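Structure first, then comments.
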Amino acid sequence: MNAMPLLQVDAVAKSFEKPDGQELLVLEGVNLQLFEGQIIGLLGRSGSGKSTLLRLIAGLAAPTRGQCNYLGVPVDGPAVGISMVFQSFALFPWLTVYENVALGLEAQRLPRPEIRSRTLAAIDLIGLDGFESAYPRELSGGMRQRVGFARALVVHPNILLMDEPFSALDVLTAETLRTDFLDLWSEGRMPIKGVILVTHNIEEAVLMCDRVLVFGSNPGRVLSAIEVSLPQPRNRLDPAFRELVERIYVEMTARMSGVRADVRTEFFPGQGIGSVLPHISSNELSGLLEAVAAEPFRGKADLPKIATDLQMEIDELFPVAETLQMLRFAELEGGDLKLTEAGTAFANAALDERKRIFARQLLTYVPLAAHVRRVLDERASHVARKSRFIDELEDFMTEDDAEQTLRAIIGWGRYAEVFAYEDESARFTLENPA
Amino acid sequence: MQRAIRNHHFAFIRDFATRWDALALIVALGVVAFLAEASRGLLAPLSQLDATPLSLAPVHLPVYAARTTLRMFAAMVLSLAFTLSYATWAAKSARAAKLLIPLLDILQSVPILGFISITVVFFMSLVPGRVLGAEFAAIFAIFTSQAWNMAFSFYQSLRTVPTELEEAAASFHLTPWMRFWQLEVPFGLPALVWNMMMSMSGGWFFVVASESISVGHTSVALPGIGSYIALAIQQRNLHAIGWAIATMGLVILVYDQLLFRPLIGWVDRFRVEQEPGMEPPASWALTMMRRSRLISGLTVLFYSAVRWTSWASAPHEALRPHGAPAPRARWRGWGLIWPALLLAIVALALRKLAQTLFAQTQLAELRTVALLGLLTMVRVVVLIGLASLLWVPVGVWIGMRPRVAQWVQPLAQFLAAFPANLLFPLAVYAIVAWQLNPDLWLSPLMILGTQWYILFNVIAGASAMPSELRRAAQNLRVGGWLWWRRVALPGVMPYFVTGAITASGGSWNAAIVAELASWGSTKVRAHGLGAYIADATAAGDFHHIVLGIATMCLFVVAINRLFWRPLYYYAERRYRLS
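So the protein lines, in turn, are chains A and B.
Here the first sequence is numbered in this note's numbering, starting from 1108 and rising by one per residue.
Here the second sequence is numbered in this note's numbering, starting from 258 and rising by one per residue.
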């Protein structure tokens, strides 16, 4: 691979300005090279900045530091030769399939006959024959995304960017589209030379990519790069395939339980109240606890296995697992989720006992919950306004994060009956309506 | 497939006529004849209006109706042009929006009929001695009744274009011009068309009121249904009034069938949230246009023209191999000049206002006007309350019965569109005949036309209530007052509030014509701000007109800000089912 890369990303960082004028860093020090014939996967959870990186490469946003070079030239706007497939398809509902696909060519002011022949060729290639005059609303999700692909390919790009293109589809449809795409790719029937795929699905990344960059959060950055040298077509049941999936799980969970001293890590217990909490309901927590406690896991579950069993994407599974870890109901280690004593006790208890255990863990290991309770206890009225805590949290996090964190605390506090909350007046109290 | 596409373009030549073509041709020719008829005499000198006075013979009503409709149409075109430019400007420039949006909000609250009295003199002086000037004034009045909410809706749409669609447009290199016509306008269309329909139904009221204008010594009666009815009132001709009412009903019906039904059916394709299997609203006129090869051929030509404009607008530079041109560096000076400019404008406006208002107004006058405003406010509040007491239960009852709702809903919309001022003479006739107290009995006229907004919004709310909720209530045997309190009323709350806001705004406007009415030479007046403005207009007393309008504007803005808006957000937050 001595040739010039199609795309070279150098030390790219992106930050947004918070309302109070401070910088919020969402992406830091990312390097990436895409060579001809490669599919690179950007794997990570929501909030890890992978979609942001894709938009920087597409020229839809400008990096705060560093730069993206396409064929050696800095990207300073949507570049000709880079096109994109969107998660929600982003089709124009008022245009037919044909018109949607032709739009990019019309913008290039090509002659009519050329527009027509290229549009029809793209529609043909992607398997949309016969749907030319249909409007997007008449199509199923899979067919809509095919239009998305045809529209991206018709402009003959060198690089195709895909932003979780299969995540809005059902399992069967997604698999069909993946396979079709890989067939076209390996047969060289598409005009593209390189692909960047954003995904939060580990198996999808291993199935499709030659190289997977695992992203971490706060700020978004590349944790590790994993080469996938299995020959195409790949078999999900192949032991080598499973091993890679397992390795990535371990990679991603290791970072979750590990600590980076220099940045705030949400899920490390013993910290102050400045941690962003995920909005996970008590039902999800007890659901996962029960699943891990039951057969066949008996208190210790392999994450890829339980993810498949429960049909959960890592984006859904990880936050729940991490919250269990934060509450010391379970420990994450080497790609396994292991129940603690409290976790086992919770899983075996009846409702009232569960609430007691949950209240104990909550007040012991979640400083914000303890803080809210302390404030309420100290006040003679036992009442505190929500805005009081929001203000406090906003010293540490964005407005949205503060809102979400408080929502999480409210949900857990209500379940544990350690405090009550009235939405109408936006106040915390110690009273229970009962 | 290639052939099929080509066919689509040329089929209308080969396969010239279908059954629907015949229908389309007749309708199209009819519309052309109608427009030609109506636009005659626009450039005629004013004196011709006196030379050919209006006639109460019903034979002339079609022509009058045509003129009235044309005015309406012209105002709608103006409103659309205003909407596309004003709202776009506000949406694209955060700096401009800071001024434009609050301005729009205020303009929305200005009593339209008050506007006419001020603008008519100005417009007549623009085209001295021609009918056109008076036409401009009338059209402008209708415009002011239509434009604001359309602009608001389009502004909202522009700001909520889905990010991924914007990104798709950018990554496929759409030029700003293409982006506007291919993304932003289509996205805003459904809301815009709905607001156009609402504007239109409000507009009939004002078109009728603005045709027969008399400010001080300037008095113009433009040929139209409004002038016809004004003359009928003067001559105490009940038959003529009956004819006018019937004609107006027919005109609204035709407008609805030929313009809005097809528009609403067509605009359905522009909805972004798309659930397959949803039936688009039916419209025979739309079916006609779609099935007629002639018309589909014309639309193909039209779309080609639109494409051509985007083709011609695309700059070559956008297609440099490596990305779009870097944005031009902005001149920072605007940051300083803009606030200064704003301040200057505000100061000038304040000074002018102060001059007009206070130069010849005493404190006592201000107190009187405020008191009259309070009186009118009491009327509006009581009337909205009474109308709600009546129409909320009726609307819920109807909305829960889809078969009934299917018939009543269009009727309620029709009644809301029907200019209630056409019915005023009947009421005034009764008041005069039975010598009733005008302070009490003129009041209902204010809400005559606007109460229907409450009804049809409540019907919409009740029909939108998930049937599972109603089944659940049935299952739990929730009945009687408990059912109203816990199920029905909360369910329709957001819809009711929307309807009540519209009704309240409309009633303030109607006050100007409702509080002072006449029958022949007999005048019936109630005490209130509306009558005050009407009196000042008749006398051509500009200071008092401005004072009255400013006061009414203040009242409306204050009520909206302090009462309706908080109530609306509360209802949305608390009761919206989604």
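All residues carry an ideal CB built from backbone N, CA and C; glycine is no exception.
From a predicted model like this one, the values you see are computed outputs, not experimental measurements.
Quiz item: Less than 7 Å between the CB of LYS1300(A) and some heavy atom of the ligand ZN, yes or no?
Solution: You won't find the ligand ZN in this model; it holds no ligand whatsoever.
Self-check item: Where ARG528(B) meets chain E, residues with beta-carbon distance less than 7 Å
Solution: Within the model displayed, chain E is absent; protein chains A and B are what it includes.
Self-check item: Same chain, Cβ closer than 8 Å to LEU1276(A), five either side skipped, listed in chain order
Solution: Hits under 8 Å: GLY1248, GLY1249, GLN1252 and LEU1284.
Self-check item: Candidates VAL1180(A), GLU1221(A), ARG1172(A) and ALA1523(A): closest to PHE1465(A) by CA position
Solution: Residue ALA1523(A) is the option with its Cα nearest to PHE1465(A).
Practice problem: Pull up the distance between the alpha-carbon of ARG1480(A) and that of ASP1416(A), whole angstroms please. | Solution: Spanning the two alpha carbons is a distance of roughly 38 Å.
Exercise. Would you be able to state if there are at least three C-beta pairs under 8 Å between the region 478 to 489 of chain B and the region 457 to 469 of chain B?
Key: The region 457 to 469 of chain B is in contact with the region 478 to 489 of chain B.
Quiz item: Closest Cβ-Cβ distance between MET1269(A) and chain B: below 8 Å?
Solution: Chain B places no beta carbon closer than 8 Å to that of MET1269(A), leaving this residue out of the contacts.
Exercise. Would you tell me roughly how many angstroms separate the C-alpha atoms of ALA1209(A) and THR1226(A), rounded to the nearest one?
Key: So the two alpha carbons sit approximately 6 Å from each other.
Practice problem: Could you tell me if VAL744(B) is buried or exposed, where buried requires 16 or more neighbouring beta carbons within 10 angstroms of its beta carbon? | Solution: Within a 10 Å sphere around the beta-carbon of VAL744(B) sit 16 or more other beta-carbons, which makes this residue buried.
Quiz item: Would GLY785(B) pass as a contact of LEU629(B) if the rule is Cβ separation under 8 Å?
Solution: Closer than 8 Å, so yes.
Quiz item: Excluding the five sequence neighbours on either side, which residues of its own chain have a C-beta within less than 7 Å of the C-beta of ILE769(B), listed in chain order?
Solution: The answer, listed in chain order, is PRO368, LEU370, GLY371, GLY787, ILE790 and ALA791.
Exercise. Report the residue ranges of all beta strand (DSSP E) runs contained in full by the region 1132 to 1201 of chain A; include only those spanning at least 3 residues, in chain order.
Key: Taken in chain order, the complete beta strand (DSSP E) segments of 3 residues or longer contained in the region 1132 to 1201 of chain A are 1146 to 1150, 1172 to 1177 and 1189 to 1192.
Quiz item: Can you tell me whether DSSP reads SER476(B) as helix, strand or coil?
Solution: In this structure, SER476(B) counts as strand in the three-state DSSP scheme.
Quiz item: Cα separation between VAL649(B) and MET703(B)?
Solution: Taken atom to atom, the span from the alpha-carbon of VAL649(B) to that of MET703(B) is near 19 Å.
Practice problem: Counting only the same chain and skipping the five closest in sequence on each side, list residues whose C-beta sits under 6 Å from that of SER410(B). | Solution: Contacts found: ALA448, LEU449 and ASN452.
Quiz item: How close, in whole Å, do the beta carbons of ALA1257(A) and ILE1230(A) come, if the pair is a contact with beta carbons under 8 Å?
Solution: Taking the Cβ atoms as the reference, ALA1257(A) lies roughly 5 Å from ILE1230(A), within the contact range of under 8 Å.
Quiz item: When DSSP labels each residue in this structure, what does MET1269(A) get in the three-state scheme?
Solution: In this structure, MET1269(A) counts as strand in the three-state DSSP scheme.
Self-check item: Within chain A, partners of PRO443(B) - CB distance below 9 Å
Solution: Near PRO443(B) (Cβ distances below 9 Å), the residues of chain A are PHE1199, PRO1200, TRP1201 and LEU1202.
Quiz item: DSSP puts GLY1301(A) in a beta bridge; with which residues?
Solution: Looking at the DSSP assignment, GLY1301(A) forms a beta bridge with ILE1266(A).
Exercise. Work out the CA separation of LYS1121(A) and GLY1234(A) for me, nearest whole Å.
Key: Straight-line Cα distance between these residues: approximately 38 Å.
Quiz prompt | Rounded C-alpha distance that separates ALA1361(A) from LEU1444(A) | solution = So the alpha carbons of these two residues sit roughly 12 Å apart.
Quiz item: Which residue's Cα is closest to the Cα of THR1171(A): TYR1177(A), LEU1160(A) and ARG1461(A)?
Solution: Checked all of TYR1177(A), LEU1160(A) and ARG1461(A); the closest Cα to THR1171(A) is LEU1160(A).
Self-check item: Start and end residues, beta strand (DSSP E) containing TYR1528(A)
Solution: In the DSSP assignment, TYR1528(A) falls within the beta strand (DSSP E) that extends over 1527 to 1529.
Exercise. Please state whether DSSP places TYR410(B) in a helix, a strand or coil.
Key: Reading off the sequence, residue 410(B) comes out as Ser, not Tyr. SER410(B) carries a helical assignment under DSSP once its states are collapsed to helix, strand and coil.
Quiz item: If we call anything under 8 Å between Cβ atoms a contact, is GLY460(B) one with ALA338(B)?
Solution: Judged by their CB atoms, GLY460(B) and ALA338(B) are not nearer to each other than the 8 Å cut-off.
Quiz item: Counting pairs of Cβ atoms below 8 Å between the region 1480 to 1499 of chain A and the region 1421 to 1436 of chain A, do you hit three or more?
Solution: No, the region 1480 to 1499 of chain A is not in contact with the region 1421 to 1436 of chain A.
Quiz item: Counting pairs of Cβ atoms below 8 Å between the region 1299 to 1313 of chain A and the region 1133 to 1147 of chain A, do you hit three or more?
Solution: Short answer: they touch.
Practice problem: For the region 426 to 443 of chain B, enumerate the residues whose C-beta is nearer than 8 Å to any C-beta of chain A, in chain order. | Solution: Only those residues of the region 426 to 443 of chain B whose C-beta falls short of 8 Å from the nearest C-beta of chain A are listed: ALA427, SER428, PHE429, HIS430, LEU431, THR432, MET435, GLN439, LEU440 and PRO443.
Exercise. Report all residues from its chain with a CB closer than 6 Å to the CB of ARG352(B); omit the five preceding and five following residues, and keep chain order.
Key: So the list reads TRP595, once near-sequence residues are dropped.
Quiz prompt | Cβ neighbours of GLY1156(A) in the same chain (closer than 6 Å, five flanking residues each side left out) | solution = Result list for GLY1156(A): VAL1133, LEU1134 and GLY1327, in chain order.
Practice problem: Note the first and the last residue of the continuous alpha helix (DSSP H) segment covering ALA627(B). | Solution: Start and end: 620 to 656.
Exercise. For ARG1152(A), I'd like the list of residues in its chain whose CB is within less than 7 Å of its CB, leaving aside the five on either flank, ordered along the chain.
Key: HIS1307, SER1324, ILE1421, ASP1422 and PHE1425.
Quiz item: For the region 675 to 695 of chain B against the region 713 to 721 of chain B, are there 3 or more C-beta pairs whose distance is under 8 Å?
Solution: Segments in contact, no.
Practice problem: Note down, in chain order, every chain A residue with its Cβ under 8 Å from the Cβ of LEU422(B). | Solution: Those within 8 Å of LEU422(B) in chain A are ALA1197 and PHE1199.
Exercise. Ignoring anything shorter than 4 residues or poking outside the region 326 to 399 of chain B, list the alpha helix (DSSP H) runs there in chain order.
Key: 351 to 366 and 369 to 383, all fully within the region 326 to 399 of chain B.
Quiz prompt | Delimiting residues of the beta strand (DSSP E) encompassing ILE1333(A) | solution = Segment 1328 to 1334, the beta strand (DSSP E) holding ILE1333(A).
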